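Here the protein sequences line up with chains A and B, keeping their order. Quick note on numbering: this note's numbering labels position 326 of the first sequence as 326, and the sequence is numbered without any gaps. Quick note on numbering: this note's numbering labels position 526 of the second sequence as 526, and the sequence is numbered without any gaps. Glycine included, every Cβ here is placed at the ideal spot set by N, Cα and C. Note that this is a predicted model, so its numbers are computed, not measured.
Protein chains: 2
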Amino acid sequence: MYRTHTNGELRASNSNEKVTLSGWVQKTRNKGFMIWVDLRDRYGITQLIFDEERTSKEVMAIASKLGREFVIQVNGTVIVRESKNVNIPTGDIEILVSEVTILNESLTPPFTIENETDGGEDLRMKYRYLDIRRKPVRENLIFRHKVTMAVRNYLSEKGFVEIETPYLIKSTPEGARDFVVPSRMNAGQFYALPQSPQTFKQLLMVGGMDKYFQIVKCFRDEDLRADRQPEFTQIDCEMAFVEQEDILQTFECLTRHLLKEINGAEVAEFPRMTYDEAMKKYGNDKPDIRFGMEFGELNEVAQHKEFNVFNQAELVVGIAVPGGNVYTRKDIDNLIDWVKRPQIGALGMVYCRCNEDGSYKSSVDKFYDEQDLAKWASVTGAKAGDLICVLSGNTSKVRAQLSALRMEFAERLGLRKATEFAPLWVVDFPLLEWDEETQRYHAMHHPFTSPKPGQLALLATDPGAVKANAYDLVLNGNEIGGGSIRIHDKKTQALMFDYLGFTPEEAKAQFGFLMDAFQYGAPPHGGIAFGLDRLVAILGGQETIRDFIAFPKNNSGRDVMIDAPAPIDEAQLKELSLQLNLKS
Amino acid sequence: MYRTHTNGELRASNSNEKVTLSGWVQKTRNKGFMIWVDLRDRYGITQLIFDEERTSKEVMAIASKLGREFVIQVNGTVIVRESKNVNIPTGDIEILVSEVTILNESLTPPFTIENETDGGEDLRMKYRYLDIRRKPVRENLIFRHKVTMAVRNYLSEKGFVEIETPYLIKSTPEGARDFVVPSRMNAGQFYALPQSPQTFKQLLMVGGMDKYFQIVKCFRDEDLRADRQPEFTQIDCEMAFVEQEDILQTFECLTRHLLKEINGAEVAEFPRMTYDEAMKKYGNDKPDIRFGMEFGELNEVAQHKEFNVFNQAELVVGIAVPGGNVYTRKDIDNLIDWVKRPQIGALGMVYCRCNEDGSYKSSVDKFYDEQDLAKWASVTGAKAGDLICVLSGNTSKVRAQLSALRMEFAERLGLRKATEFAPLWVVDFPLLEWDEETQRYHAMHHPFTSPKPGQLALLATDPGAVKANAYDLVLNGNEIGGGSIRIHDKKTQALMFDYLGFTPEEAKAQFGFLMDAFQYGAPPHGGIAFGLDRLVAILGGQETIRDFIAFPKNNSGRDVMIDAPAPIDEAQLKELSLQLNLKS
């Protein structure tokens, strides 16, 4: 037996017990006549002591050559320490070692195995197995496990059944790009890895399973933006015989349960906001409502003077930055540079100081008088000591720009507190969104989303105005879940495919099985999917999903530890009836 | 709201309550003045009644046109039935319907949605969403969920952490064939789908995670034998600082827990048997020990006469079939034909009747006398009334043949009782097995399995004799789990790759990351993986894993419902830097 106890469990009450421990050498202190070793495992650190008066020469000799990250096993006696270490739970005791065995040696690790390491991201990813030995990474993985267990037990108790859907499915050109898998047994044909189990969970509803969930890997072959992974994990859920309200209630309860169970946070009923309202108030369909700085639309109070920049703008919109009047001219110039960066793309920024004495001072004083500026303050809710920042231009662009600026201020002002949780339902999403590139409408959620009752006719006359039974759950400015009530009759689904530019043949080839299924008594149904990686990161009070994934890929989709992807044998290609077609 | 109750929950105590129910029309009986409808959902069946004296004309009219599998919603009142149906839990009541809404119509389903359906396998798979409406299929999926929840909760309580390992990994030519995934972003390179998370779980051990599990999909591109799936699910487990005994104890407890929790079966300590013993006694490394018929090796008592078939055989081996003396000459001829089929491949079979009067009558009476045959009976344990069946030839072949015959008898004699559970550890597997085709040794378990202590040197002189720290968990004649203690030092691992015919370059290219990891303080570790599909089927008392998979593939690896795999666009291929290379 390699151990009687872990390195996290011995206490003063175990005094005088003979124990066997195993673990890694975290560090050693060698005074010659006495050697201390911090022995580490997943559960904690226990101090070992080797003492020339009480330890044999042979054991002292081995102890003196232990290096960092050596794996050792020791036999010894628990003794109460003279100088206790209050920073660790085992700090009251140490082990007087009688025997030591080196189970495995270690080269000097390429970075320090400490809470704060000297290893950069690349090195840590290459040696991820060493990175995982670090407490913060290890704790994140254990945290993720706790969250998934809580989700599974909650849903299971509520009558949901976890059902595994297939990973080798069929490629559909709609939506993001699929990863495909050549079939050897069916030459020239390919499976696709699922972007989500969408159609399968709908078929389970047709199959009467009525409350389904699955924590499942999904795959998207996208050009990776920061903090996106080609494979990611979803909590995928679907219910039959439900309306939107049933879904919102059910998953609000799940989320509230998680916040309570995992974070000890009591959260009241989640506020709801329409998509239109979210865009108008926050310029964003996933607003962080832990803080204010709501948008104030200024067209009425800013387009009556000679300032053409505003007069020609579709939207003039501002926010009041609390206490922002302390910013110097230089600070503000930096802010203006910040909004003009290509990532944000504003052409400029107008600002107005709200002085403590109630007066105003703006960057456009030659156009606007105190009375005008007082109205701006009123519309944006600015108080004395605040700074009003105003952007103008095309509505959707300027909203996105001001939203980015609002988040930047929140970051700088420390308003995005990791321990505070502000969930929000955003509802009534548009059914379709216009795609400039292809010059046609795309499904905003996906082509299985049902329009709001009675709005089907609008599709012919004003497609962009049609609202969907679609909803997102937003937490602290992140979309953590999204879903919709689905279409469940063949006619509406065929109509939808038609509007989305599918020929009847294409629709049949790709989704014929689903439309067939709708003919055999499909119940009304809907669902939601949560991004588990993101959810866990937010509950864990962190930003980066990679920190909650055991073996993440980098921004080129590579696993630098195992060095994948990699070339395969010519014979393998041949078996798959494929050959490479590399551009020179 | 679509329903106040499910169709499985109303009882006489709900009498007079106004309820709303939704579900599928299981069947209707129309007497003109009265119509009964069985309304079905996942939870059960509730009888609806429409009665021209108490139901409006409009509602009667709708009720009269309801077809099988229509989806309807009804409002009504719970009334106690005059003639109760004791076969269903809701049989005491019915719903007097006041309102009915057809939520969706249904074409006549291609097979009956009944426990015993008229649909064949192909039709059921094509319309799997209808098949899932059938109670046996639905119950199997719910059963699977129950098993996985029990596994997860048990392991989680024991300190195991479920950690997701990547699905897009690297192809390795060792072992079964990989499914590969072309990388668009890394032209000419491929990911592979994991055959198991083997190397990742070992890296987690190196990373100090010490108790890992994962219920995870794995992939093997094999020519599919009956009841194999290209994607299958494993309960994958690994522990650090353990010896074989720790693993056996831990997972014996898990299995015993499942048998108790899921099947209510109390099972004593699992017997253990070496691989050699299993082969000798049962001709099989996964013997079904719910019944006897152990092999008796007859070389000593059958090779002393003039019967050359036996004299030239490497092994003469028999079993005593209990009560087998009732078989007629014709029955026995059929058995002989059975063992001579190409699937079994025996050249013939010798038999010996053990008569009730204590005399013997064999098919080789001209060579063997009563005294000889009495010895056969003694060795095989045959009693009066039994039939001794004897095969001879090459040891490994004849063992496989007699094992098949033993299983066939067990089947015919009804000895394989689905409700009886006989687990067994088979231990001390050989490290290597000889592969006739490639004329070299392959790893029997996998190349990461450690040889028994002290047997490393044997590799050079008698590789086939080296035993491994490898074990299988067998349940009712099925391998439900298998694992090993792993190699955890670079030198031994390199030696193993060398013996397996890897050049140092190949070993480094494919498993360099693992051998690197072993240099940084890898702890001793080992694990086990259970085949979930098989485990669930056996616990469910059934044979076919397909019945416990929501959307299985057929024997050509096709999903006939969604019609996958399928060709992909030329543009998609081009993006992946591939072109087809089809043989004409």
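Original post:
What whole-angstrom Cβ distance do Gln-234 of chain B and Ala-529 of chain B have, given they're in contact under 8 Å?
Top reply: Right, their Cβ atoms sit about 5 Å apart.
Where Glu-69 of chain A and Asn-104 of chain A are concerned, what is the direct C-alpha to C-alpha distance, given to the nearest angstrom? Between Glu-69 of chain A and Asn-104 of chain A, the alpha-carbon positions lie close to 9 Å from each other.
- Hey, does Gln-579 of chain B have any beta-carbon neighbour from chain A nearer than 7 Å? Judged by the 7 Å Cβ criterion, Gln-579 of chain B is in contact with chain A.
Item to check | Members of the segment 102-113 of chain B that neighbour chain A once the beta carbon cut-off is set at 8 Å | outcome: Leu-103, Asn-104, Glu-105, Ser-106, Leu-107, Pro-109
- Minimum C-alpha distance to Gly-454 of chain B - residue among B:Phe-448, B:Phe-548, B:Phe-291, B:Ala-465: B:Ala-465
Worksheet entry | Within the segment 248-324 of chain B, ranges of the alpha helix (DSSP H) (whole runs, at least 4 residues) | The DSSP assignment places complete alpha helix (DSSP H) segments of no fewer than 4 residues inside the segment 248-324 of chain B at 275-282, 299-302, 308-311, in order along the chain.
Quick check on the burial criterion: 16 or more other C-beta atoms within 10 angstroms. Buried or exposed for His-304 of chain B?
exposed
In the DSSP assignment, find the beta strand (DSSP E) that holds Ser-214 of chain A and state where it starts and stops.
-> Checking the sequence, you will find Gln at residue 214 of chain A rather than Ser. Run containing Gln-214 of chain A: 211-219, per the beta strand (DSSP E) assignment.
Q. In terms of alpha-carbon separation, which member of A:Leu-155, A:Phe-502, A:Asn-14, A:Leu-373 lies closest to Thr-250 of chain A?
A. With distances taken between Cα atoms, Thr-250 of chain A lies closest to A:Leu-155.
Bounding residues of the beta strand (DSSP E) (the contiguous stretch that carries Gly-527 of chain A): 525-531
TODO: Could you check which residue in A:Pro-89, A:Tyr-368, A:Leu-539, A:Asp-498 has the C-alpha nearest to that of Tyr-441 of chain A?
DONE: Nearest neighbour of Tyr-441 of chain A by Cα position, chosen from A:Pro-89, A:Tyr-368, A:Leu-539, A:Asp-498, turns out to be A:Asp-498.
Legend entry - Same chain, Cβ closer than 7 Å to His-5 of chain A, neighbours up to 5 away in sequence not counted: Val-19, Leu-21
Q. Along chain A, in chain order, which residues have C-beta atoms closer than 9 Å to that of Phe-200 of chain B?
A. Within 9 Å Cβ-Cβ: Ala-550, Phe-551, Ile-562.
(message) Under DSSP, the beta strand (DSSP E) around Gly-482 of chain A begins and ends at which residues?
(response) 478-485
So is Pro-504 of chain B in contact with chain A if we call contact Cβ pairs under 7 Å?
The beta carbon of Pro-504 of chain B sits no closer than 7 Å to any beta carbon of chain A.
Once the 5 residues before and after Glu-543 of chain A are set aside, which same chain residues still bring their CB inside 7 Å of it? Ala-537
Note to self: Residues in the same chain with beta-carbon distance under 6 Å from Gln-244 of chain A, minus the five sequence neighbours each way, listed in chain order, please.
What the structure shows: Asn-469, Ile-485
- [ ] May I ask you to verify whether the segment 389-406 of chain B touches the segment 435-451 of chain B, counting CB pairs closer than 8 Å and requiring at least 3?
- [x] no
Assign Leu-532 of chain B to one of two classes, buried (16 or more other C-beta atoms within 10 Å of its C-beta) or exposed (fewer than that). buried
Original post:
Considering only residues of the segment 314-386 of chain A, which uninterrupted beta strand (DSSP E) runs meet the minimum length of 3 residues and lie entirely inside it, listed in chain order?
Top reply: Qualifying beta strand (DSSP E) stretches, in chain order: 315-321, 350-354, 360-362.
Quiz item: Of all the CB atoms in chain A, is at least one closer than 7 Å to the CB of His-446 of chain B?
Solution: no
By the criterion of Cβ-Cβ separation under 8 Å, what are the contact partners of Met-239 of chain B in chain A? Chain A residues near Met-239 of chain B: none, gap ~10 Å exceeds 8 Å.
Where Asn-30 of chain A sits in the DSSP three-state scheme = strand
**Request:** Over the uninterrupted alpha helix (DSSP H) stretch that includes Asp-131 of chain B, give me the two end residues.
**Result:** 128-131
| task | Check each residue of the segment 12-24 of chain B: if its Cβ is closer than 7 Å to any Cβ of chain A, include it; give the result in chain order. | result | Ser-22, Trp-24
Point to revise | CB contact check: Gly-557 of chain B to chain A, cutoff 7 Å | key: Gly-557 of chain B has a beta carbon lying within less than 7 Å of a beta carbon in chain A.
task: Taking only beta carbons into account, state which residues of the segment 422-438 of chain B come closer than 9 Å to chain A, listed in chain order.
output: none
*Contacts that Asn-186 of chain B makes with chain A (C-beta to C-beta distance below 8 Å)*: Ser-556, Gly-557, Arg-558, Pro-565
**Message:** Going by beta-carbon coordinates alone, are Ala-192 of chain B and Ser-171 of chain B separated by less than 7 Å?
**Reply:** yes
- prompt: Are the segment 212-223 of chain B and the segment 509-518 of chain B touching by the rule of at least three beta carbon pairs closer than 8 Å?
  reply: no
ask   = Is DSSP giving Arg-124 of chain B helix, strand or coil here?
value = helix
Just how far apart, CA to CA, sit Glu-314 of chain A and Leu-203 of chain B? The straight-line gap separating the alpha-carbon atoms of Glu-314 of chain A and Leu-203 of chain B is approximately 57 Å.
Is there a C-beta anywhere in chain B that falls below 7 Å from the one on Met-149 of chain A?
Yes, because at least one Cβ of chain B sits closer than 7 Å to the Cβ of Met-149 of chain A.
message = Check for me: the alpha helix (DSSP H) holding Ala-192 of chain A runs from which residue to which?
response = It is not in any alpha helix (DSSP H) - Ala-192 of chain A instead sits in the beta strand (DSSP E) that spans 190-192.
Local conformation of Lys-417 of chain B per DSSP, three classes:
Lys-417 of chain B: coil per DSSP, three-state reduction.
Tell me where the alpha helix (DSSP H) around Phe-179 of chain A begins and ends.
Taken as a continuous stretch (DSSP letters only), Phe-179 of chain A belongs to no alpha helix (DSSP H), as it is neither H nor E.
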